[in-house]
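Colleague: First residue of the sequence shown? That's 486 in our numbering, and the numbers climb one at a time after it.
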Amino acid sequence: MLGPVVAGLIGVLLPAFGWMPALGMTQLTTDAFADLFAWPGLARASYLSVFVGLAATLFALTVVVMVCACWQGTRAFNWLERVLSPLLSLPHATAAFALAFLIAPSGWIVRLVSPWITGWDSPPDVLVLNDPMGLSLTLGLIVKEIPFLILMTLAALNQINAGPTIRAARSMGYSRHIAWLKLIFPRVYMQIRLPVYVVLAYSMTVVDVATILGPTTPPTLSVQILDWLSDPTLMRHSIAAAGAVWQLGLVAGVLFTWRASERIVASLGTRWIEKGTRGRDSGSLRMLAFALGGGSAFIIGLGLAVLTIWSFAGLWTFPDALPQKFTFKNWERHLPALRDTATETLQIAACASLISLTLSIGCLEAEHRFNLRMRRYSWWLLYIPLIVPQVSFLPGLQMLFLQLGATSGTKAVICAHIVFVLPYVFLSLGDPFRNWDERFATVGASLGHGPDTTLWRLRLPMLLRPILTATAVGFAVSIGQYLPTLLTGGGRVTTLTTEAVALASGSDRRAIGAYGLALTASAMLPFALATLLPRAMWRNRRGLAHG
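Right, here's the structure in full:
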């Protein structure tokens, strides 16, 4: 995973310092950085990127910690897990549209309370979406990242014997949340640190969500870099490269600051633990934690309902809560384009997911056969494509593809998607693969079967559910990729995500609703199949449901 990122970074660094032979620029200079720093919106765009990234990450992490500290090990926590798990597959663009359709001045929330509470007979002249402070963008990232961090925390909790530890602390007078914070959280955070870094880096540099919800004058830095990259004269590409380097520096600086803050918080936390504060169970705190955790699912679910209504809406005037009539005309109008775009989207996702699955199974089987173990630097290598800003290395990766003779198209897009799909597929499949009961392999060996037969006839069939789940994760990640498709596809490859984000600049909510629903269905259908297929195939052979 390091190779594509390093190659992409080199491909960005050279133009940033004036090396662009295609334009006759072969002298290393800092003119691009001078032009970048002369742009009057740089300070504001940089501030927005840092503020949105830190605010979204801190709030999402705080909510996750509150939910786990107050509810972990209870039926309510299990219910939250079941509700939030499907949201992990939802593309960021769909979540952004769902939120936009709720909180816009003419959105459903305002419609529900107008005019009988607000007195408004027309949408208020209030800047909610694309607000200059980036608050709507921050909220959109928070509601999408809470499910991700909760599921990462659950994976970490499965490796920690939390139940007996909490019960022992409770027997000594500690409240539930204090016991969790003092005894469980330090061990959990060590395992979710890299996912937190991923959320922080992504929130600082996201493009599709920022295009839908973010400010426009100026936009966030990553959106502005994409605008420079889209310049048809190519003269602004060096400024875009310099901006990409600046964006990388911002992310590195914020990550370094976050890491330093971890040590400060750890030192303060150690002193707090040593004081022996036991605390009291707080019903209001538990209700607040549950409301914040469940609120993420509620907001997205309600927004998806509004997307569905808009996709079938006929005449719908403000402040009516529902359309005057429902119609299929919108779907009939967009169905031909939707069908072609969805087909290409699923083909790209299938190729990227299956290649990533094959590589992951090969790596995990090599771990088993040669008694290898993932070391700390190996985890960093796996997470590098998720932490390094996409806008900082994808333009260089695109240039690398062109230098290798790979013209922009579907194959280049698939290769770019694999860079981001492979880490998620490997992480999804890793624990089930390693935890497979080796006694089955021993039985197979005693019957004269070698490791290859054991892999194909025992391990893989028994791990069908996690294999299908990992594949579904790969599908969801690939379907949600916006910037890799846009840059490496050269505008020739259209997916549901790129088309949906392109519609954000218009005002056709019915088209956005149709594309948003198609995008949601494409991402969630593989998860439904991953759940149903093993049940159908192994309904009479429950022993094969080991995974």
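Virtual Cβ for every residue (Gly too), placed ideally from N, Cα, C.
Do A517 and I677 have their CB atoms nearer than 7 Å?
Modeller: Against a cut-off of 7 Å, the Cβ pair of I677 and A517 comes out as no contact.
Colleague: Between the stretch 948-961 and the stretch 905-916, are three or more C-beta pairs nearer than 8 Å?
Modeller: Yes, since at least three Cβ pairs between the stretch 948-961 and the stretch 905-916 fall closer than 8 Å, the two stretches touch.
Colleague: Quick one, which of R994, A989 and I997 has its alpha-carbon nearest I697's?
Modeller: Ranking R994, A989 and I997 by Cα distance to I697 puts A989 first.
Colleague: Under a CB-based cut-off of 7 Å, is L844 close to chain B?
Modeller: Looking at the structure shown, chain B is missing, and only one protein chain is on hand.
Colleague: Note down, in chain order, each residue of its chain lying with its Cβ closer than 8 Å to the Cβ of R765, except the 5 sequence neighbours on either side.
Modeller: Counting only Cβ-Cβ distances below 8 Å, and skipping sequence neighbours, we find S660.
Colleague: Which of the three DSSP states is assigned to A581 in this structure?
Modeller: Reduced to three states, the DSSP call for A581 is helix.
Colleague: Compute the beta-carbon to beta-carbon distance between V613 and P590, rounded to the nearest angstrom, for a pair I have assumed lies under 8 Å.
Modeller: Correct: roughly 6 Å between the Cβ atoms.
Colleague: Could you tell me the distance, in whole angstroms, from the CA atom of L587 to the CA atom of L789?
Modeller: Each residue's Cα considered, the two are about 9 Å apart.
Colleague: Could you tell me whether the Cβ atoms of R995 and N856 are closer together than 7 Å?
Modeller: Contact: no.
Colleague: Classify E984: buried if its beta carbon has 16 or more other beta carbons within 10 angstroms, exposed otherwise.
Modeller: Buried, by the Cβ-count rule.
Colleague: Which of the three DSSP states is assigned to A798 in this structure?
Modeller: In this structure, A798 counts as strand in the three-state DSSP scheme.
Colleague: In the DSSP assignment, what residue or residues form a beta bridge with F811?
Modeller: BP columns for F811 point to A798.
Colleague: Sort Y1000, D805 and P951 by Cα distance to L1014 and report the nearest one.
Modeller: The candidate whose alpha carbon is nearest that of L1014 is P951.
Colleague: So what's Y659 in DSSP terms, helix, strand or just coil?
Modeller: It is coil, neither helix nor strand.
Colleague: Using C-beta distances below 7 Å, list every residue in its chain close to L666, excluding the 5 sequence neighbours before and after it, in chain order.
Modeller: So the list reads A554, once near-sequence residues are dropped.
Colleague: Quick one, are the C-beta atoms of T648 and G558 less than 7 Å apart?
Modeller: A small correction: the amino acid at residue 648 is Gly; Thr does not occupy that position in the sequence shown. Taking 7 Å as the Cβ cut-off, G648 and G558 qualify as a contacting pair.
Colleague: Which stretch, first to last residue, makes up the alpha helix (DSSP H) that contains L575?
Modeller: First-last for L575: undefined, no H or E at that position.
Colleague: Check whether the Cβ atoms of L871 and V683 lie closer than 7 Å to each other.
Modeller: Taking 7 Å as the Cβ cut-off, L871 and V683 qualify as a contacting pair.
Colleague: Given 8 Å as the limit, is there contact between the stretch 562-580 and the stretch 962-976, that is, 3 or more CB pairs closer than that?
Modeller: Counting Cβ pairs under 8 Å, three or more are found: they touch.
Colleague: Below 8 Å on the Cβ atoms is my contact criterion, and I expect A726 with A501 to pass it. Report the Cβ-Cβ distance as a whole number of Å.
Modeller: So it is a contact: roughly 4 Å between Cβ atoms.
Colleague: Among V673, S656 and L636, which one has its Cα closest to the Cα of N646?
Modeller: Minimum Cα distance to N646 is reached at V673.
Colleague: Consult DSSP for W1023 and reduce its assignment to one of helix, strand or coil.
Modeller: W1023: coil per DSSP, three-state reduction.
Colleague: What's the call for P821, buried or exposed, on a 16-neighbour Cβ count within 10 Å?
Modeller: P821 should be labelled exposed.
Colleague: Using the rule of at least 16 other Cβ atoms within 10 Å of the residue's Cβ for burial, across every protein chain shown, is G1032 buried or exposed?
Modeller: Because the pLDDT of G1032 is 49, which lies under 50, any placement of that residue in the model is unreliable, and the number read from its coordinates should be weighed accordingly. G1032 is buried by the Cβ-count criterion.
Colleague: Have a look at I784 and F797 and give me their C-alpha separation to the nearest angstrom.
Modeller: So the alpha carbons of these two residues sit roughly 20 Å apart.
Colleague: Give me the Cα-Cα distance between L622 and S931, rounded to the nearest whole angstrom.
Modeller: Their backbone Cα atoms lie some 59 Å apart in a straight line.
Colleague: Taking Cβ positions, are L719 and P874 nearer each other than 7 Å?
Modeller: No, Cβ-Cβ distance for L719 and P874 is not below 7 Å.
Colleague: Measure the alpha-carbon distance for T830 versus T742 and round it to whole angstroms.
Modeller: If you take the alpha carbons of T830 and T742, they lie about 38 Å apart.
Colleague: Quick check on this structure: which residue in R818, Q883 and A1008 has the alpha carbon closest to the alpha carbon of L971?
Modeller: Comparing Cα positions, the closest option is Q883.
Colleague: Check the C-beta distance from T755 over to N615 and give it rounded, since I have them as a contact under 8 Å.
Modeller: Not a contact, Cβ separation roughly 43 Å.
Colleague: Could you pull the start and end residues of the alpha helix (DSSP H) that Y532 belongs to?
Modeller: Run containing Y532: L527 to W556, per the alpha helix (DSSP H) assignment.
Colleague: Let me know if Y862 comes out buried or exposed under the rule of 16 or more other beta-carbons within 10 Å of its beta-carbon.
Modeller: Its Cβ having fewer than 16 others within 10 Å, Y862 is exposed.
Colleague: According to DSSP, is E850 helix, strand or coil?
Modeller: If DSSP states are grouped into helix, strand and coil, E850 belongs with the helices.
Colleague: Answer with buried or exposed for K760, where buried requires no fewer than 16 other C-beta atoms within 10 angstroms of its C-beta.
Modeller: With fewer than 16 Cβ atoms within 10 Å of its Cβ, K760 is classed as exposed.
Colleague: Tell me the DSSP secondary structure of S863 in three-state form.
Modeller: It is helical.
Colleague: Tell me whether T793, by its Cβ, gets closer than 6 Å to a heavy atom of the ligand PLP.
Modeller: By its list of ligands, the structure shown contains no ligand whatsoever, and the ligand PLP lies outside what it can speak to.
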